[in-house]
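Structure first, commentary second.
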Amino acid sequence: MKEWNAHERNEDKEVEILDFNDKQKKKRRDKTKTSTRGAKYEQSRQMQTPRKAKNERRTTTRNKEYAIVTYVFLALFICMTGWIIYFMQFKSEDFINNSYNARLAKLSDYTVRGDILANDGTVLATTNVDEAGNETRKYPYGSVFAHAVGYSVNGMSGVELDANYNLLRSNAFILTRIFNEIRDEKNPGDDVVTTLDVSLQQACYDAMGSQDGAAIVIDPATGKILAMVSKPDYDPNTIAQNWDSYVAADSDSTVLLNRATQGLYAPGSTFKIFTLLSYLKQGNDPNAFSYDCNGTFEYNNYAMHCYNNKAHGSENLMDAFGNSCNCAFSNIGLSLDLDAYHKLCQKMLFNQDLPTALKNTAVSKMTLEDGASSSLIMQTAIGQGDTMVSPLHMAMVASAIANNGTLMEPYIIDHTQNESGTIVKQFDATSYGELLSSSDAATLQEYMRFVVTNGTGSVLNSDLYEAYGKTGTAEFSSNKNEDHSWFVGFAKNAEGKQIAVAVVMEGVESGGHYAVPATKKIFDAYFGAY
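Structure, rendered in structure tokens:
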């Protein structure tokens, strides 16, 4: 019995031991499971972290892309809005006033074309309306203002073109426009007041005489065009009747061409202004210059002659400029760096549109570059060769020199006003900026003054004013007895009033015999009258 009990107790103990072992194993299994689950969770968490970071990075990248696209479109929108505002404020009238705008002509069905006035209110163009309502455009001064004011039939030109929209819109008092609409009558168009001076215009016209060519006068301080004459001319009062003869295929008439703004001429010795400036700016000492002129200069089998083969003798640089010595300046041309010479001329407005509000202006050309032949260099240096300029361009250069290097953009319309004289739009002076430095301008003033006091422009010496300039005689054909006569310069009086001019007279003998006396008449008229 004891043995059984003992055995039973042993079995119980064994069972207990087994139970204990089973519990320990279960604990270890549970611990292992827990540890495994933790490891798996940690592994899963570690795997999820880069995935989440990757997703976050992907989201951030997308946000950046969306932001960039948004900012780009926002910038485009701002630019487009800015352009629309700029266009409406500054450019819309240019498009409205375009000669190809067919709708603009419709305005004449509701508006009587306004007047064109001189700077003192003198009527230069007006519309007469008879009892039957027929309108006739009248020009009281006839051909005197022909190219400046222009015409308004069979196309347009001059101020009639530049201000077409302004002349055909009405800013009359609102009640006046309402009553006119009720009565089925046209409204009065706005008047255009120009910068043109009647007395000065007449003086230029008379000074040109019967000679073909052009004269243009500019106020250097403002850019106002005070006078503009082109010959041959026409009577704008009869242009409709004579139109067919002017434009006929077999006609050689050039009366419709405004030579002041559209004409291109060889500049002759007036171009020595640019040659001189380039020589000085390339570091040459003017005091070291010396040349002995015997009337002819020969280089590489090409001979250059002074006018009438005149021998000027020993000259310094001032003498050579004042005497307009071709031999000295062709020699100077050969010494220049051609690339720098060409760039200077580019800066002085060659080979580009002129900065002006005037329409239909010619582009002056100067194409001398490295590799040019010595003969072409010599010709270009004295204003021959392939170089061509417009009178307007040369007047602008003279204006900038007179204004200490600053060029004011030329303009011919001062303001528009309604029928009662209330200003509708003012056209202010606009500065192009520095065409040349003030020191360079002062130097050229000194040389151009010497031309008048001691050189080829001595006819311009006067007690009324102080004149500066450069004469020129330009060959344009094989006929040595016919040249273009030039004068480019300016004058000022003791009160500080000044004007810049360019005068060219076609097919004459020399600058000193034609263009200079014509310029004197212009200066005398202006400074004698003011």
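For the sequence shown, position 439 (counting from the first letter as 1) is numbered 521 according to the numbering used here, and the numbering increases by one without interruption.
Every residue gets a Cβ at the ideal spot worked out from N, C-alpha and C, and that includes glycine.
This one's a predicted model, so the numbers in the text were calculated from it and none came from an experiment.
Asked                                                                                                                                                                    : Found
Give the single residue among Ser-521, Ile-494 and Leu-518 whose Cα lies nearest to the Cα of Phe-509.                                                                   : Ile-494
Indicate whether Asp-474 and Ala-444 have their beta-carbon atoms separated by less than 9 Å.                                                                            : Here residue 474 is Leu; the residue named in the question, Asp, does not match the sequence. Yes; because the gap between Cβ atoms is below 9 Å, this pair is in contact.
Report back the beta-carbon spacing between Leu-399 and Phe-353 to the nearest angstrom; my notes put them in contact at under 8 Å.                                      : At roughly 16 Å, the Cβ-Cβ gap does not stay under 8 Å, so Leu-399 and Phe-353 are not in contact.
Kindly identify the DSSP beta-bridge partner or partners of Glu-397.                                                                                                     : Tyr-373
Can you give me the C-alpha to C-alpha distance between Gln-284 and Gly-196, rounded to a whole angstrom?                                                                : 23 Å
Taking the straight line between their C-alpha atoms, what separation do you get for Gly-291 and Phe-227?                                                                : 14 Å
DSSP three-state label for Asn-262, please.                                                                                                                              : helix
Three or more C-beta pairs under 8 Å: does that hold for the stretch 147 to 164 against the stretch 233 to 248?                                                          : no
From the DSSP output, read off the bridge partner residues of Ile-581.                                                                                                   : Ala-573
Report the residue ranges of all alpha helix (DSSP H) runs contained in full by the stretch 421 to 490; include only those spanning at least 4 residues, in chain order. : 456 to 463 and 473 to 484
Taking Cβ positions, are Val-583 and Thr-601 nearer each other than 9 Å?                                                                                                 : yes
Quick test of the definition: if touching needs 3 or more C-beta pairs under 8 Å, does the stretch 267 to 282 touch the stretch 432 to 447?                              : no
Nearest to Ala-187 by alpha carbon, out of Thr-218, Val-151 and Leu-249?                                                                                                 : Leu-249
Would you call Arg-251 buried or exposed, if buried means 16 or more other Cβ atoms sit within 10 Å of its Cβ?                                                           : buried
Taking the alpha carbon of Glu-451 as the reference point, which residue from Ala-254, Met-460, His-424 and Thr-462 has its own alpha carbon closest?                    : His-424
Is the distance from the Cβ of Ala-477 to the Cβ of Ile-300 below 9 Å?                                                                                                   : yes
With 16 other CB atoms within 10 Å as the buried threshold, where does Phe-159 fall?                                                                                     : exposed
Contact check, Ser-456 vs Leu-416 under 8 Å by CB: the rounded distance?                                                                                                 : 6 Å
Comparing C-alpha positions only, which one of Ile-321, Gly-578, Thr-525 and Lys-603 sits nearest to Asn-543?                                                            : Lys-603
Take Asn-210 and list the residues in its own chain whose beta-carbon comes closer than 6 Å to its own, dropping the five residues that flank it on each side.           : Thr-218 and Lys-220
Using only CA atoms, which one of Glu-548, Asp-435 and Asn-319 lies nearest to Ile-581?                                                                                  : Glu-548
If you drop the 5 nearest sequence neighbours on each side, which residues of the same chain put their C-beta closer than 6 Å to that of Asn-382?                        : Ser-456
Specify the secondary structure class of Lys-603 as computed by DSSP and reduced to three states.                                                                        : helix
Tell me the DSSP secondary structure of Asp-616 in three-state form.                                                                                                     : The requested residue 616 does not occur in the structure, where the chain is confined to residues 83 to 612.
From Ile-298 to Thr-343, what does the alpha carbon distance come to, in whole angstroms?                                                                                : 9 Å
Enumerated in chain order, which unbroken segments of the alpha helix (DSSP H) with a length of 4 residues or greater are wholly contained in the stretch 170 to 256?    : 174 to 178, 228 to 231, 240 to 244 and 246 to 250
Please report the residue range of the beta strand (DSSP E) in which Gly-515 lies.                                                                                       : 513 to 516
With DSSP as the reference, please indicate the residues paired to Thr-555 in a beta bridge.                                                                             : Ser-567
Note the first and the last residue of the continuous beta strand (DSSP E) segment covering Phe-411.                                                                     : Careful: Phe-411 lies outside any beta strand (DSSP E), inside the alpha helix (DSSP H) at 408 to 417.
Does the beta-carbon of Ala-157 have 16 or more other beta-carbons within 10 angstroms, so that it is buried, or is it exposed?                                          : exposed
If we count Cβ pairs, one from each stretch, closer than 8 Å, do we get three or more for the stretch 388 to 408 versus the stretch 519 to 536?                          : yes
Under three-state DSSP, which class holds Asp-273?                                                                                                                       : strand
Excluding sequence positions up to five away, which residues of its chain have a Cβ less than 8 Å from the Cβ of Asp-374?                                                : Gly-395, Ser-396 and Glu-397
Around the Cβ of Gln-466, are there at least 16 other Cβ atoms within 10 angstroms (buried) or fewer (exposed)?                                                          : buried
For His-595, collect the residues of the same chain with a Cβ closer than 6 Å to its Cβ; drop the 5 residues on either side in sequence, then sort them by chain order.  : none
The beta strand (DSSP E) that contains Phe-532, what's its start and end?                                                                                                : Careful: Phe-532 lies outside any beta strand (DSSP E), inside the alpha helix (DSSP H) at 520 to 536.
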